[in-house]
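When you line the sequence shown up against this note's numbering, it's residues 108 to 255, in that order.
The C-beta atom is built at its ideal place from N, Cα and C for all residues, glycine as well.
Values in this document were obtained by computation on a predicted structure and should not be read as measured data.
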Amino acid sequence: MDENNDTHNAISAYFIGPRAENLDNFRGNVTKILKQLKKARIRYADSNGDTDYITSGNKESEQYKRITDRFEKAVNNTANLLGKHSIPFWSPRYQAHMGTDLTMPSLLGYFMASIYNSNNVAIEFVFKSLSFCLTYANNGGGHPRSLL
108 MDENNDTHNA
118 ISAYFIGPRA
128 ENLDNFRGNV
138 TKILKQLKKA
148 RIRYADSNGD
158 TDYITSGNKE
168 SEQYKRITDR
178 FEKAVNNTAN
188 LLGKHSIPFW
198 SPRYQAHMGT
208 DLTMPSLLGY
218 FMASIYNSNN
228 VAIEFVFKSL
238 SFCLTYANNG
248 GGHPRSLL
């Protein structure tokens, strides 16, 4: 690829890359999200005088160790199977079904929203917010067709 192509350089920042060239950047952002999650939970617990719910005693128990070990093995096995058997939609060589690599901002946003319970978002606000982000006139009243 032409490293002097400004468009290619800009687009390259959005994707993990076919050879995981931006994985360190993605991992760093996931780490930042998790650090903020920890800060938010500790800040909230401290402001209410809450004590640890999951103690070191819990973590040292056989049940805890057995279950967390099973989780770890399941994640490892699933990640290995997906890595070996998934269609390589992230590769520029694969163009079927109009599939392509997912952008890092979308993956990070999805992950971040899911760990902060995005279930309490009103659908009306989503469309108003989306229309604002996309610089549409914000007069739609929340109905998807009004954005067209």
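Inter-residue spacing [alpha-carbon to alpha-carbon] between residue i and residue j
i: D159; j: T138; result: 22 Å
i: Y121; j: L209; result: 9 Å
i: L188; j: V182; result: 10 Å
i: G214; j: K166; result: According to the sequence displayed, residue 214 carries Leu and not Gly. L214 and K166: Cα-Cα distance of roughly 30 Å.
i: A117; j: L141; result: 26 Å
i: L144; j: D153; result: 14 Å
i: N224; j: Y217; result: 11 Å
i: R173; j: S236; result: 44 Å
Same chain, Cβ closer than 7 Å to residue i, five either side skipped, listed in chain order
i: I194; result: Y201
Reduced DSSP category for residue i - H, G, I as helix; E, B as strand; rest coil
i: T162; result: coil
i: F122; result: strand
Nearest-angstrom Cβ-Cβ length linking residue i and residue j, presumed shorter than 8 Å
i: T207; j: F196; result: 6 Å
i: M219; j: F133; result: 13 Å between Cβ atoms; not a contact.
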